[in-house]
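Visitor: Chains as they are written, first to last, in the numbering used here: chain X, 648 to 981; chain E, 3 to 154; chain D, 4 to 124.
Virtual Cβ for every residue (Gly too), placed ideally from N, Cα, C.
One structure follows; several queries about it will come next.
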Amino acid sequence: MMKNRTIFFQKPVCIAETATIAGPKEGEGPLRNYFHNILSNDILGQKSFERAEIKMHIYVIKNLLNRMRLTEDDIDCVFCGDLLDEIIGCNYTMREFDIPFMGLYNACATFGEALIIGSTMINAGYMKKVICSTTSHFSTAERQYRYPLELGSQRTPLSQWTVTGAGCSLLTADDTSRIKIVAGTLGRVVDYGVADANDMGAAMAPAAMDTIVAHFKDTGRNPDYYDLIVTGDLGHSGSRILQKLVKDKGYDLGDNYTDCGILIYNREGQDVMQGGSGACCCNLVFNSYIYSQLKRGKLKKVLFIPTGALVSKVSSLQGETIPAIAHAVDIEVL
Amino acid sequence: MKLEGNEKKEYLDFVRKNSPRTKHLNTLIKAFVLGGIICCIGQGISDLIRHFFPVYDEKTVSGYTLTIIIIITGILTGFGIYDKIGNWGGAGSIVPITGFANSIVSPAIERKTEGVVLGVCDNMFTIAGPVIVIGISASIVVGLIYWLIGVL
Amino acid sequence: MEIFLTYLKVFVIGGFVCLLGQLLINFTKLTSARILVVFLLLGLVLESVGLFEPIKQFAKAGATIPITGFGANLARGAIEGVKEKGLFGALTGGIQAGAMGISIAIFVGFVIALVSRPHTK
């Protein structure tokens, strides 16, 4: 059933298992004990950082299949995306598998998009097992969107650090685990006129607010329904902006609200300015830390809102402002 | 959904007011110190060259000084050290001629994965291109102005 | 003592020019490429109106090491080119003066790129 912008899954979709692999910097952060694997370097013996990103992605999917004792034939489809041009990372990753593939792109909100589409396919009865995944890599994102890696430029206070890592979730039609995707609220493109490509938090906060408010209206709930409301990568400054925007609409995001970009790094010790970002930021945090808390029963109801800034390499140069999108996923222990 | 007009202005004002402040004093002092140090190193190199080769004229001395500084910058960039210096000192690493050298070497290193011709060579001027284009164009304008003044 | 004073002047003026650059970074949205151009033009214009020579006499490397020095070089090359070769010099004098800096930067960039690789950040 779909009400306005929210899909309510008649039979909530099970998140059976997850797999993550994190880069060295993430492995030194506060969530290091939750990642399934941590890399000692981010080039992995490859000729380029792009190939290293692909290698991480292949690893994490194989890892998930092995742990669940599944073969490629058991998976009906992989829904994935990354930040590379033409999502080329995913294309080459899926070349290594004989699984149907649907590539997605919503910048750093791609994981939310994947979870909702995957759940919809399962809930509609067309698929039984799907994998949703994303990757990002600091060096590939930096060189594509910003500056050459060895350029001596100074990071500004509003900048974020692209997370290096890969993560995936196995969604199933059966009841392998009690952790279920109950509903998903679809985002729409929101542009509040932010033109500074170095201030993604301010660009994305309005989109997050728009989806969060729509979710509460469609479900008739309040923020305190959830044990945890977590956005993708608004960062410290962006999440404060979000709290104000949401408050102006009549909802109060209190102590149960935080942001994956804030959770993944140690702000003091790791020199990351606003925090983490990237297609894998929310993915890594969700598939490691949040999923384990759901498994242990420490969290029972989570509203997960990956956020993405929809820029291209030339859009800023051509004077365009930065639109953004956010998708909300309601995950509960049933 | 696109915000326009007054509402957009209000949001942008709010964002600006709530943005974390750049630590001005901190960054300015670091830029000053780093810039000063690099210039002193340059002066030192020039003095050494003059000492060992007193026969060189000023143009030659400054040419060789430039050469040595560019080589040092290239090596530091190649070892992944220069970007750390740049992150610390900001403009102190960009404004000296080391910044120009670094901006040529860094994209070249990065694009090696695309091959020598289309990767390294194609991208060497992604940041420094404007310096060369505008520098040479401006010098021609200056030259033409002086020539016209001389003719008239 | 004299040496110390010389180096002090170099340090202060050189540092000051970079401080101006940092002010631009902090208060405007100028990126590296644009800052390089601004200071290049600054040196070029100062030399064109004859103001760069006295600054250079005073501050030596403090004025020539920043990219302002390179810009001034280009301007002086063009002006001297006009004196020596007229119109031909106006067109070629600038790039001739900048030849060393540009060619060394290209060559060094090429060689270093061939032997190194980007590092983990």
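Does Gly7/E come within less than 7 Å of chain D when only Cβ atoms are used?
Guide: It does not: the Cβ of Gly7/E has no partner Cβ on chain D nearer than 7 Å.
Visitor: Using the rule of at least 16 other Cβ atoms within 10 Å of the residue's Cβ for burial, across every protein chain shown, is Gln965/X buried or exposed?
Guide: Exposed is the call here.
Visitor: Kindly confirm or deny that the region 707 to 716 of chain X and the region 763 to 770 of chain X touch, where touching means at least three C-beta pairs closer than 8 Å.
Guide: These segments do not touch.
Visitor: Determine the extent of the alpha helix (DSSP H) in which Pro57/D is found, giving its start and end residues.
Guide: Here the alpha helix (DSSP H) through Pro57/D covers Phe55 to Ala62.
Visitor: What is the rounded straight-line gap between the Cα of Val961/X and the Cα of Asp732/X?
Guide: Using only the alpha carbons, I get a separation of about 12 Å.
Visitor: Across which residues does DSSP place Met649/X in a beta bridge pair?
Guide: Bridge partners of Met649/X: Ile654/X.
Visitor: Per DSSP, Asn684/X forms a beta bridge with which residues?
Guide: Paired residues: Ile668/X.
Visitor: In chain X, which residues lie less than 7 Å from Pro69/D when you measure between Cβ atoms?
Guide: Near Pro69/D there are no residues of chain X at all, since even the closest Cβ is about 14 Å away, more than 7 Å.
Visitor: Identify the contact partners of Thr123/D in chain X, using a Cβ-Cβ distance below 8 Å as the criterion.
Guide: Residues of chain X passing the Cβ test: Pro671, Asn688, Asp689, Ile690 and Ser786.
Visitor: Identify the contact partners of Ile111/E in chain X, using a Cβ-Cβ distance below 7 Å as the criterion.
Guide: Within chain X, the residues near Ile111/E are Glu797.
Visitor: For a test of the three-state rule: what should DSSP assign to Asn104/E, helix, strand or coil?
Guide: Residue state, collapsed to three classes: helix.
Visitor: Can you tell me where the beta strand (DSSP E) holding Lys776/X begins and where it ends?
Guide: Element bounds for Lys776/X: Lys776 to Ser783.
Visitor: Would you mind telling me which residues of chain X sit closer than 8 Å to Ile28/D, beta carbon to beta carbon, in chain order?
Guide: Those within 8 Å of Ile28/D in chain X are Gln801.
Visitor: Distance check for Ser695/X and Phe744/X, CA to CA, integer angstroms please.
Guide: Phe744/X and Ser695/X: Cα-Cα distance of roughly 21 Å.
Visitor: Comparing C-alpha positions only, which one of Val153/E, Trp149/E and Ala103/E sits nearest to Ser51/D?
Guide: It is Trp149/E.
Visitor: So Ala75/D contacts chain E; which residues on that side make the cut at Cβ distance below 8 Å?
Guide: Those do not exist, as Ala75/D stays about 10 Å from chain E at its closest Cβ, beyond 8 Å.
Visitor: Let me see if you follow: with CB-CB separation under 7 Å, is Gln99/D close to chain E or not?
Guide: With 7 Å as the cut-off, Gln99/D does not count as an interface residue toward chain E.
Visitor: Going by DSSP, what residue range makes up the beta strand (DSSP E) through Ile978/X?
Guide: Looking at the DSSP string, the run of the beta strand (DSSP E) that includes Ile978/X is Ala975 to Val980.
Visitor: Where do the ends of the beta strand (DSSP E) carrying Val829/X lie?
Guide: Run containing Val829/X: Ile826 to Thr832, per the beta strand (DSSP E) assignment.
Visitor: Can you give me the C-alpha to C-alpha distance between Phe758/X and Thr718/X, rounded to a whole angstrom?
Guide: So the alpha carbons of these two residues sit roughly 23 Å apart.
Visitor: Would a C-beta distance cut-off of 7 Å place Phe73/D and Gly96/D closer than the cut-off?
Guide: No.
Visitor: Run down chain D in chain order and give the residues with a C-beta less than 8 Å from the C-beta of Phe54/E.
Guide: Those do not exist, as Phe54/E stays about 17 Å from chain D at its closest Cβ, beyond 8 Å.
Visitor: Provide the residue span of the alpha helix (DSSP H) that contains Asp895/X, from first to last.
Guide: Note, Asp895/X: alpha helix (DSSP H), Gly882 to Asp895.
Visitor: List the DSSP bridge partners of Ile87/E.
Guide: According to DSSP, Ile87/E bridges with nothing at all.
Visitor: Ignore the nearest five residues each way along the sequence and tell me which others in Leu77/D's own chain have a CB closer than 7 Å to its CB.
Guide: Once the five neighbours on either side are set aside, the close Cβ partners of Leu77/D are Leu47, Gly97, Ala100 and Gly101.
Visitor: Going by DSSP in three states, Pro69/D sits in which element: helix, strand or coil?
Guide: Strand.
Visitor: Whole angstroms is fine: what's the gap from Gln940/X's alpha carbon to Thr75/E's?
Guide: In a straight line, the C-alpha of Gln940/X is about 49 Å away from that of Thr75/E.
Visitor: Mind checking if Pro22/E is an interface residue toward chain X, Cβ cutoff 7 Å exclusive?
Guide: Chain X contact via Cβ: present.
Visitor: By Cβ distance below 7 Å, which residues in the same chain neighbour Val133/E in space, the five residues on each side in sequence not counted?
Guide: Correct list, in chain order: Phe102.
Visitor: Distance, Cα to Cα, Ile734/X vs Ser783/X?
Guide: Distance between the alpha carbons of Ile734/X and Ser783/X is about 11 Å.
Visitor: Please name the residue, chosen from Val97/E, Gly92/E, Gly82/E and Ala93/E, that lies closest to Pro109/E on a Cα-to-Cα basis.
Guide: That would be Gly82/E, whose Cα lies nearest to the Cα of Pro109/E.
Visitor: Could you tell me how far apart the beta carbons of Met851/X and Ala956/X are, in whole angstroms, since I believe they sit closer than 8 Å?
Guide: 5 Å between Cβ atoms; contact.
Visitor: Mind listing which residues of the region 104 to 117 of chain D have their C-beta closer than 8 Å to chain A's C-betas, in chain order?
Guide: No chain A is part of this structure, whose protein chains are labelled X, E and D.
Visitor: Please determine if the region 80 to 96 of chain E and the region 793 to 803 of chain X are in contact, where contact requires at least 3 C-beta pairs separated by less than 8 Å.
Guide: The region 80 to 96 of chain E is in contact with the region 793 to 803 of chain X.
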